[in-house]
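Numbering (my numbering), first residue to last: 3 to 241.
First the structure, in the form of structure tokens, and then the observations on it.
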């Protein structure tokens, strides 16, 4: 499969803060309309369990237009290592349909995975970061949903690019979602991780996980009807 790798043409804004400490306050949002926001007012927690190289959600979008179109995302993630990476990539696959309680969880991928390179990076152990991404190709859904998305991180060491569990999407709890929703049972909601070992951006129903708190979900913002404004690297420490 050929992936489109968006480098500096993608808007990428990195912010960092200690995981489990700093809630996500107002950020300099890219141009666009929020279609899903589980991040505002939430705190980043490191997801438990392994494997978790692929994590995802069934989602209900707001404000995405007709047809529903996504143009970018703010991805919140935590680094569990201070290793120097030769390259870091964020990969996101979107799905048009849920599979009605059957396996696999999602059906009908919307295009190929959106792949954004963050270049060579060295993160701080147990700090959380926010990457603002502009999709190289807009995500155009054929239905009004619910839809799905899956996120995966890859890191390159010694010339080898591979999936990694040392960079994880943040899990958030307690705070109600600001925009849109997660298409899972309220009030616990939850998320999926590839506990079954799948690496094709999909999940089994048994891959569902939750916490003991309400409103558990992956911490993310999705944007509709951009375009997003390309942004240079602006590291800002929030302590």
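Backbone N, C-alpha and C define an ideal beta-carbon position, used for all residues, glycine too.
Check, Outcome
"Count Cβ pairs between the stretch 189-196 and the stretch 109-126 that sit closer than 8 Å; are there 3 or more?", "no"
"How would you write the range of the beta strand (DSSP E) that residue 89 sits in, first residue to last?", "86-100"
"Going by the DSSP bridge assignment, what does residue 226 pair with across the sheet?", "35, 72"
"Whose C-beta lies closer than 6 Å to the C-beta of residue 168 among residues of the same chain, with five residues either side of it excluded?", "82, 83"
"Is the stretch 206-220 in contact with the stretch 169-178, if contact means three or more CB pairs nearer than 8 Å?", "yes"
"Do residue 196 and residue 60 have their beta-carbon atoms positioned less than 8 Å apart in this structure?", "no"
"Can you give the Cα-Cα distance for residue 91 and residue 152, rounded to whole angstroms?", "14 Å"
"Just to confirm before moving on: does the CB-CB distance between residue 165 and residue 55 stay below 8 Å?", "yes"
"Closest to residue 138 by C-alpha separation, out of 62, 202, 58, 75, would be which residue?", "75"
"Assuming residue 254 is part of the beta strand (DSSP E), what are its boundary residues?", "Missing from the structure shown is residue 254; the chain here goes from 3 to 241 and no further."
"Here's the rule: buried if 16 or more other CB atoms are within 10 angstroms of the residue's CB, otherwise exposed. What is residue 150?", "buried"
"Indicate the three-state DSSP secondary structure (helix, strand or coil) for residue 202 in the structure shown.", "coil"
"Can you find a CB in chain B that lies within less than 8 Å of the CB of residue 173?", "Among the chains of the structure shown, chain B does not appear; only one protein chain is present."
"Ends of the beta strand (DSSP E) at residue 132?", "129-142"
"In angstroms, rounded to a whole number, what distance separates the CA positions of residue 125 and residue 160?", "17 Å"
"Is the beta carbon of residue 206 closer than 8 Å to that of residue 106?", "yes"
"Whose C-beta lies closer than 6 Å to the C-beta of residue 68 among residues of the same chain, with five residues either side of it excluded?", "none"
"Count the other CB atoms, across all protein chains shown, that sit within 10 Å of the CB of residue 23; report buried if there are 16 or more and exposed otherwise.", "Because the pLDDT of residue 23 is 38, which lies under 50, any placement of that residue in the model is unreliable, and the question is left without a value."
"Count the other C-beta atoms from every protein chain shown that fall within 10 angstroms of the C-beta of residue 226, then say buried if there are 16 or more, exposed otherwise.", "buried"
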